[in-house]
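S.K.: Line by line, the protein sequences give chains A and B. Residue numbering for the first sequence follows this note's numbering, starting at 331 and increasing by one per position. Residue numbering for the second sequence follows this note's numbering, starting at 331 and increasing by one per position. Backbone N, C-alpha and C fix where the C-beta goes; we use that ideal spot for every residue, glycine too. Predicted, not measured: the structure shown is a model, and the values here were computed from it. One structure coming up, written as structure tokens, with questions to follow.
2 protein chains.
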Amino acid sequence: MDEATLREKSVDTVERILRAAAEVFAEAGFTGARVDEIARRAGVNKAMLYYHVGDKRDLYEEVVRSIIGKSAERIEEEIRQEDSPEEKFRIYLRRFAATLDENPVMPPIMMRELASGGQTLPRAAVEGVARVVSLLSGILDEGVRKGVFRPVNPFLVHMMVAGAFIVYKVTAPVRERAENIPEEVRRMAPELAGSIAGDVEAMVLRAIRI
Amino acid sequence: MDEATLREKSVDTVERILRAAAEVFAEAGFTGARVDEIARRAGVNKAMLYYHVGDKRDLYEEVVRSIIGKSAERIEEEIRQEDSPEEKFRIYLRRFAATLDENPVMPPIMMRELASGGQTLPRAAVEGVARVVSLLSGILDEGVRKGVFRPVNPFLVHMMVAGAFIVYKVTAPVRERAENIPEEVRRMAPELAGSIAGDVEAMVLRAIRI
DNA sequence: TCAGTTAGACCAACCGGTTAGTTTTTCCTC
DNA sequence: GAGGAAAAACTAACCGGTTGGTCTAACTGA
């Protein structure tokens with residue numbers, strides 16, 4: 331193996347470790363996660379975790395940082411300047427939904443993180459959310475200026491959208507298991523895109539449109 | 331001490347234990363919570379937890395049950411038969427907000443509970459939520475029949491309301507600490523009632539009203 | 001030679017849970 | 001109401017399994 335291949339192999343190992351760690355942390359939370367379990371799922375010896383990444387806390391922070399960092403960027407990328415405010419809002423909402431659909435480990439980790447007051451929440455993550463909210467704020471402002479939206483608190487809108495999406499994602503297993511709930515609720519798809527994302531979009535738009 | 335005083339003293343001890351347990355579970359989650367810490371905060375010997383309540387799991391289930399159980403009842407109680415659908419909806423929303431304001435340990439516990447797929451969620455808790463949703467479902471149905479609401483998925487509505495409230499509650503410490511976010515977001519009150527509850531109410535009603 | 005890797009033994013600290021024994025309260029009896 | 005047994009409440013110390021983390025010795029492929 332030449333140097334490049336070697337580095338690649340090593341990068342691959344680190345990635346496997348982080349992916350496994352993300353999974354286990356998502357399932358069990360920080361204290362509930364077992365380092366041995368992470369090593370097992372990554373298919374590496376436990377010593378490799380400490381060799382490549384560091385201790386349990388380092389592992390966790392790395393996971394949180396890498397997962398949440400991506401989200402904001404993706405949303406910003408797709409919004410084109412010439413779109414109408416309503417179209418921009420749709421893109422914001424759909425990209426956000428897609429991000430959650432694509433990263434199933436994100437909602438549980440975020441939720442637990444928030445539940446513990448976000449003490450270990452990397453600054454990058456907080457900034458990511460702040461950027462999304464300020465992006466949304468710009469969209470709503472533009473809508474107000476153009477006379478298509480009524481003035482509303484952007485933070486509140488994001489809270490409703492994000493809250494609904496995250497809670498929806500995360501209640502999927504409970505809904506499936508629960509017996510005494512209506513069949514139509516039980517059968518709701520676990521994905522946001524193509525199912526409830528559209529309904530949320532319609533409801534929120536009806537609420538903010540003039 | 332006569333019998334009444336003793337029973338009261340014992341009840342008091344159990345209450346102190348449960349209150350301390352709720353606190354610690356809210357801060358650290360089930361696996362993160364330390365039984366010794368709960369005992370310390372309750373000001374009792376650790377063995378007393380086992381003597382009065384049971385093991386860690388029993389402690390936890392008792393906490394979750396007592397907290398979530400109340401919520402559904404309270405909402406049901408306050409909705410009078412003669413109210414209009416819109417008024418009923420307002421009561422549902424305000425009572426829910428008030429419950430979260432009054433029980434600050436509830437949002438973090440619920441979030442962590444959901445984050446772990448509700449594996450340890452006592453049946454009573456799931457039933458509580460189901461009851462709230464079916465209550466809301468009845469309100470919305472009635473509204474549709476009377477021609478004041480358009481048909482919407484009640485589960486979705488609850489998800490948006492509950493999601494927004496819970497996430498709002500739980501992001502309070504992060505909002506306070508974050509530096510690069512707008513001042514008006516940072517200064518938003520931690521309470522729901524009297525602050526964002528009214529805005530959420532207005533937005534959702536605008537979305538579902540004919 | 002050397003970074004990356006493995007198997008696996010090992011350890012100290014932690015933590016849930018128990019136990020043996022003590023104090024306090026209740027309750028019965030004379 | 002004195003006495004004393006029984007029950008309830010409580011404590012300090014301990015136990016044993018778990019778990020994060022370390023270490024050694026050996027192997028691999030470039």
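So, using beta-carbon positions, are residue 462 (chain A) and residue 538 (chain A) closer together than 8 Å?
M.R.: On the first sequence, residue 462 (chain A) is found 132 positions in, with the first residue counted as 1. On the first sequence, residue 538 (chain A) is found 208 positions in, with the first residue counted as 1. Cβ distance not < 8 Å, so residue 462 (chain A) and residue 538 (chain A) don't count as in contact.
S.K.: At which residues does the alpha helix (DSSP H) containing residue 496 (chain A) begin and terminate?
M.R.: As a first step, residue 496 (chain A) must be located in the first sequence, where it is residue number 166. First-last of the alpha helix (DSSP H) with residue 496 (chain A): 484–507.
S.K.: Going along chain B in order, which residues have a C-beta closer than 7 Å to the C-beta of residue 503 (chain A)?
M.R.: Against the first sequence, residue 503 (chain A) aligns to sequence position 173. Residues of chain B passing the Cβ test: 447, 448.
S.K.: Taking C-alpha atoms, which residue in B:507, B:518, B:488, B:373 lies nearest to residue 423 (chain B)?
M.R.: Translated into the one-based positions of the second sequence, residue 423 (chain B) becomes position 93. Minimum Cα distance to residue 423 (chain B) is reached at B:488.
S.K.: Assuming residue 373 (chain B) and residue 349 (chain B) make a contact with CB atoms under 8 Å, what is their CB distance in whole Å?
M.R.: As a working mapping, residue 373 (chain B) is identified with position 43 in the second sequence. As a working mapping, residue 349 (chain B) is identified with position 19 in the second sequence. Not confirmed; about 11 Å, so no contact.
S.K.: Between residue 333 (chain A) and residue 379 (chain A), what straight-line distance do the alpha-carbon atoms span, to the nearest angstrom?
M.R.: Here residue 333 (chain A) refers to the residue found at position 3 when the first sequence is read from its first residue. Here residue 379 (chain A) refers to the residue found at position 49 when the first sequence is read from its first residue. For residue 333 (chain A), the pLDDT reaches just 43, beneath the cut-off of 50, and the residue's location in the model is therefore unreliable, although a value from the coordinates is still provided. Computed Cα separation, rounded: 21 Å.
S.K.: Compute the Euclidean distance between the alpha carbons of residue 416 (chain A) and residue 433 (chain B), then round it to the nearest angstrom.
M.R.: One-based indexing of the first sequence puts residue 416 (chain A) at position 86. One-based indexing of the second sequence puts residue 433 (chain B) at position 103. About 38 Å.
S.K.: By Cβ distance, which residues of its chain are closer than 7 Å to residue 391 (chain B), with the 5 residues on each side in sequence left out?
M.R.: On the second sequence, position 61 is the one that residue 391 (chain B) refers to. Close CB contacts of residue 391 (chain B) within its chain, under the 7 Å cut and outside five residues either way in sequence, are with 452 (chain order).
S.K.: On the three-state DSSP scale, how would you describe residue 539 (chain B)?
M.R.: Along the second sequence, one-based indexing puts residue 539 (chain B) at 209. Looking at residue 539 (chain B) - three-state DSSP - the assignment turns out to be strand.
S.K.: Verify the CB distance criterion: does residue 336 (chain A) have a CB-CB separation below 8 Å to chain B?
M.R.: The count along the first sequence starts at 1 and reaches residue 336 (chain A) at position 6. Reliability of the predicted coordinates at residue 336 (chain A) is poor, the pLDDT of 44 falling under 50, and no value is obtained from them.
S.K.: When the Cα of residue 479 (chain A) is compared with those of A:460, A:414, A:365, A:513, which residue comes out closest?
M.R.: Here residue 479 (chain A) refers to the residue found at position 149 of the first sequence. Ranked by Cα distance from residue 479 (chain A), the options A:460, A:414, A:365, A:513 are led by A:414.
S.K.: Could you please give the first and the last residue of the uninterrupted alpha helix (DSSP H) stretch that includes residue 418 (chain A)?
M.R.: As a working note, residue 418 (chain A) is residue 88 in the first sequence. Here the alpha helix (DSSP H) through residue 418 (chain A) covers 415–432.
S.K.: How about residue 493 (chain A) and residue 493 (chain B): are their beta carbons less than 8 Å apart?
M.R.: By 1-based counting over the first sequence, the position of residue 493 (chain A) is 163. By 1-based counting over the second sequence, the position of residue 493 (chain B) is 163. Contact: yes.
S.K.: Please report how far the alpha carbon of residue 465 (chain B) lies from the alpha carbon of residue 439 (chain B), in whole angstroms.
M.R.: Start at 1 with the first residue of the second sequence, and residue 465 (chain B) comes out as number 135. Start at 1 with the first residue of the second sequence, and residue 439 (chain B) comes out as number 109. Near 23 Å, if we compare the C-alpha coordinates of residue 439 (chain B) and residue 465 (chain B).
S.K.: Alpha carbon to alpha carbon, what distance is there between residue 471 (chain B) and residue 540 (chain B)?
M.R.: Residue 540 (chain B) sits at position 210 when you count from the first residue of the second sequence. Residue 471 (chain B) sits at position 141 when you count from the first residue of the second sequence. Whole-angstrom Cα-Cα distance: 13 Å.
S.K.: Just the Cα atoms here: how many angstroms apart are residue 421 (chain B) and residue 501 (chain A)?
M.R.: Working through the second sequence from its first residue, we reach residue 421 (chain B) at position 91. Working through the first sequence from its first residue, we reach residue 501 (chain A) at position 171. About 25 Å.
S.K.: Hey, how far is the Cα of residue 384 (chain B) from the Cα of residue 344 (chain B)?
M.R.: Position 54 of the second sequence, counting from 1, holds the residue named residue 384 (chain B). Position 14 of the second sequence, counting from 1, holds the residue named residue 344 (chain B). Looking at the two C-alpha atoms, the distance is approximately 11 Å.
S.K.: Residue 430 (chain B) and residue 355 (chain B) - do their beta-carbons sit closer together than 8 Å?
M.R.: To locate residue 355 (chain B), count along the second sequence from 1; it is residue 25. To locate residue 430 (chain B), count along the second sequence from 1; it is residue 100. No, these two residues do not count as a Cβ contact at 8 Å.
S.K.: I'd like the span of the alpha helix (DSSP H) that includes residue 376 (chain B), first residue to last.
M.R.: The residue you call residue 376 (chain B) lines up with position 46 of the second sequence. 376–382 is the extent of the alpha helix (DSSP H) around residue 376 (chain B).
S.K.: Would you say residue 507 (chain A) and residue 518 (chain A) are within 8 Å of each other, going by their C-beta atoms?
M.R.: Residue mapping note: residue 507 (chain A) aligns to position 177 of the first sequence, counting from 1. Residue mapping note: residue 518 (chain A) aligns to position 188 of the first sequence, counting from 1. No.
S.K.: Run through chain A and tell me which residues come within less than 7 Å of residue 479 (chain B), C-beta to C-beta.
M.R.: The residue you call residue 479 (chain B) lines up with position 149 of the second sequence. Chain A residues near residue 479 (chain B): none, gap ~12 Å exceeds 7 Å.
S.K.: Using beta carbons (cut-off 8 Å, strictly below), is residue 460 (chain A) in contact with chain B?
M.R.: By one-based count along the first sequence, residue 460 (chain A) stands at place 130. Interface residue, yes.
S.K.: Does any heavy atom of the ligand FMN sit closer than 7 Å to the C-beta of residue 450 (chain A)?
M.R.: By its list of ligands, the structure shown contains no ligand whatsoever, and the ligand FMN lies outside what it can speak to.
S.K.: Do the region 395–408 of chain B and the region 405–414 of chain A touch if we need at least three Cβ pairs shorter than 8 Å?
M.R.: no
S.K.: Name the residues in the region 389–400 of chain B whose C-beta lies less than 9 Å from a C-beta of chain A; which are they?
M.R.: none
S.K.: To which residues does DSSP link residue 355 (chain B) through a beta bridge?
M.R.: In the second sequence, residue 355 (chain B) corresponds to position 25, counting from 1. Looking at the DSSP output, residue 355 (chain B) bridges to nothing.
S.K.: Measuring alpha carbon to alpha carbon, tell me which of B:427, B:486, B:525, B:362 ends up nearest residue 529 (chain A).
M.R.: Walking along the first sequence from the start, residue 529 (chain A) turns up at place 199. Residue B:486 is the option with its Cα nearest to residue 529 (chain A).
S.K.: With residue 394 (chain B) and residue 351 (chain B) assumed to form a contact (beta carbons below 8 Å), what rounded beta-carbon distance in angstroms separates them?
M.R.: If you number the second sequence from 1, residue 394 (chain B) lands on position 64. If you number the second sequence from 1, residue 351 (chain B) lands on position 21. Rounded, the Cβ-Cβ distance is 10 Å, inconsistent with contact.
S.K.: Am I right that residue 442 (chain B) and residue 473 (chain A) are in contact with their C-beta atoms under 8 Å? What's the rounded C-beta distance?
M.R.: The count along the second sequence starts at 1 and reaches residue 442 (chain B) at position 112. The count along the first sequence starts at 1 and reaches residue 473 (chain A) at position 143. No, residue 442 (chain B) and residue 473 (chain A) are not in contact; Cβ-Cβ is about 36 Å, not under 8 Å.
S.K.: Is the beta carbon of residue 547 (chain B) less than 8 Å from the beta carbon of residue 371 (chain B)?
M.R.: As shown, chain B starts at 331 and ends at 540. That puts residue 547 (chain B) outside it, with no answer to give.
S.K.: Compare the C-beta of residue 433 (chain A) with all C-beta atoms of chain B and state if any pair is closer than 8 Å.
M.R.: As a first step, residue 433 (chain A) is located in the first sequence; it is residue number 103 there, counting from the start. Output row for residue 433 (chain A): interface = no.
S.K.: In angstroms, rounded to a whole number, what distance separates the CA positions of residue 331 (chain B) and residue 376 (chain B)?
M.R.: Here residue 331 (chain B) corresponds to residue number 1 of the second sequence, with the count starting at 1. Here residue 376 (chain B) corresponds to residue number 46 of the second sequence, with the count starting at 1. Any reading at residue 331 (chain B) needs caution, since the residue's pLDDT is 38, under 50, leaving its predicted position unreliable; the model's value is listed next. Straight-line Cα distance between these residues: approximately 24 Å.
S.K.: What's the C-alpha gap between residue 357 (chain A) and residue 368 (chain A)?
M.R.: Here residue 357 (chain A) refers to the residue found at position 27 of the first sequence. Here residue 368 (chain A) refers to the residue found at position 38 of the first sequence. Each residue's Cα considered, the two are about 11 Å apart.
S.K.: Could you tell me the alpha carbon to alpha carbon distance between residue 532 (chain A) and residue 532 (chain B), rounded to whole angstroms?
M.R.: By one-based count along the first sequence, residue 532 (chain A) stands at place 202. By one-based count along the second sequence, residue 532 (chain B) stands at place 202. In this structure, the alpha-carbon of residue 532 (chain A) lies about 16 Å from that of residue 532 (chain B).
S.K.: Give the interface partners of residue 361 (chain B) over in chain A, defined as CB-CB distance under 8 Å, in chain order.
M.R.: Translated into positions along the second sequence, residue 361 (chain B) becomes position 31. Within 8 Å Cβ-Cβ: 358, 359, 361, 362.
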